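Numbering (this note's numbering), first residue to last: 9 to 216.
Structure (structure tokens):
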């Protein structure tokens, strides 16, 4: 009797042990690695072809994130063909990012996303110094622009600092105008029309 009781006790212990292992295996199987290219929330500083700015992001679904920001080029003057060329630009934007390969384990699947959004420019003006009979003139570029682009996100630098890269275009919705002749044609036709809206930049952000 004592022998049978010990067998039952040992069997009971093994059943409990096996049950604990099963529960532990189920629990650990549900702990997945971080697949998202987006932080839950972040605040960062952006620098690129659209100028310098600040950007806030928030993830609202596993494969989606929204961001808002402000960029500015504070009246930078440069020399082009020995004449002054000055760009004044300030804009706000709202963009939604989608991670098409969310759930994949390779590096690209965990970092790559595509973007769509819209931007409004409070000022988007190009000044050109005249020469000879050509007077000084201004070119006024489209202010309301939809955005399409792509990028890589959630690239860890150190501690809670991360890097995001972006490349895309803020597409003009109207032709540029000029205060002199048809100079605006140079920035409003073909590929030249897209270049002023090109967005190539990096954002260093703190996620929380």
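All residues carry an ideal CB built from backbone N, CA and C; glycine is no exception. Bear in mind that the values here come from a model prediction, so they are computed numbers and not experimental data.
Per DSSP, what kind of secondary structure is residue 183 in: helix, strand or coil?
-> On the chain shown, residue 183 is found 175 positions in, with the first residue counted as 1. Of the three classes helix, strand and coil, the one that applies to residue 183 here is coil, per DSSP.
Selected residue, minimal CA-CA separation from residue 65, among 93, 130, 207, 75 = If you number the chain shown from 1, residue 65 lands on position 57. Nearest option by C-alpha distance: 75.
Can you have a look at residue 182 and say buried or exposed, based on whether 16 or more other CB atoms are within 10 angstroms of its CB?
-> As a first step, residue 182 must be located in the chain shown, where it is residue number 174. Exposed: under 16 other Cβ atoms inside 10 Å.
So, is residue 45 buried or exposed, given that buried needs 16 or more other C-beta atoms within 10 angstroms?
-> Taking the chain shown and counting its residues from 1, one reaches residue 45 at position 37. Buried is the call here.
For residue 193, name the three-state secondary structure that DSSP assigns.
-> The residue given as residue 193 occupies position 185 in the chain shown. Here residue 193 sits in helix by DSSP.
Assigned secondary structure, residue 151 (DSSP; H/G/I helix, E/B strand, else coil) = In the chain shown, counting from the first residue as 1, residue 151 sits at position 143. Coil, per DSSP.
Would you mind sorting residue 114 into buried or exposed? The rule is 16 or more other CB atoms within 10 Å of its CB.
-> Counted from its first residue, the chain shown places residue 114 at position 106. Exposed.
For residue 82, which of helix, strand or coil comes out of DSSP?
-> Your numbering for residue 82 matches position 74 in the chain shown. DSSP places residue 82 in strand when its eight states are reduced to three.
Since residue 203 is in the beta strand (DSSP E), which residue starts that stretch and which ends it?
-> On the chain shown, position 195 is the one that residue 203 refers to. Residue 203 -> no beta strand (DSSP E), and no H or E assigned at all.
Is residue 217 buried or exposed, if buried means 16 or more other CB atoms sit within 10 Å of its CB?
-> One cannot answer for residue 217 here, as it falls past the ends of the chain, which runs 9 to 216.
Check whether residue 131 and residue 158 have beta carbons under 7 Å apart | Residue numbering aside, residue 131 sits at position 123 when the chain shown is read from its first letter. Residue numbering aside, residue 158 sits at position 150 when the chain shown is read from its first letter. No, they are not a contact pair.
Secondary structure at residue 93, three-state DSSP: helix, strand or coil?
-> Here residue 93 is taken as the residue at index 85 of the chain shown, counted from 1. Of the three classes helix, strand and coil, the one that applies to residue 93 here is strand, per DSSP.
With which residues is residue 64 paired in a DSSP beta bridge?
-> Within the chain shown, residue 64 is the residue found at index 56, counting from 1. Answer is 51, 76, bridged to residue 64.
Beta carbon of residue 95, beta carbon of residue 81: below 7 Å?
-> Residue mapping note: residue 95 aligns to position 87 of the chain shown, counting from 1. Residue mapping note: residue 81 aligns to position 73 of the chain shown, counting from 1. Yes; because the gap between Cβ atoms is below 7 Å, this pair is in contact.
Thinking C-beta only, is residue 191 closer than 7 Å to residue 200?
-> Residue numbering aside, residue 200 sits at position 192 when the chain shown is read from its first letter. Residue numbering aside, residue 191 sits at position 183 when the chain shown is read from its first letter. No.
Assign residue 141 to one of three DSSP states: helix, strand, or coil.
-> Taking the chain shown and counting its residues from 1, one reaches residue 141 at position 133. Coil.
Straight-line Cα distance separating residue 120 from residue 34 = For the purposes of this step, residue 34 is identified with residue 26 of the chain shown, where counting begins at 1. For the purposes of this step, residue 120 is identified with residue 112 of the chain shown, where counting begins at 1. Reliability fails at residue 34, whose pLDDT of 41 lies under 50, so the model's placement of it is uncertain and the value that follows must be treated cautiously. C-alpha separation (whole angstroms): 30 Å.
Can you tell me which of the three DSSP states residue 124 falls into?
-> Residue mapping note: residue 124 aligns to position 116 of the chain shown, counting from 1. Reduced to three states, the DSSP call for residue 124 is strand.
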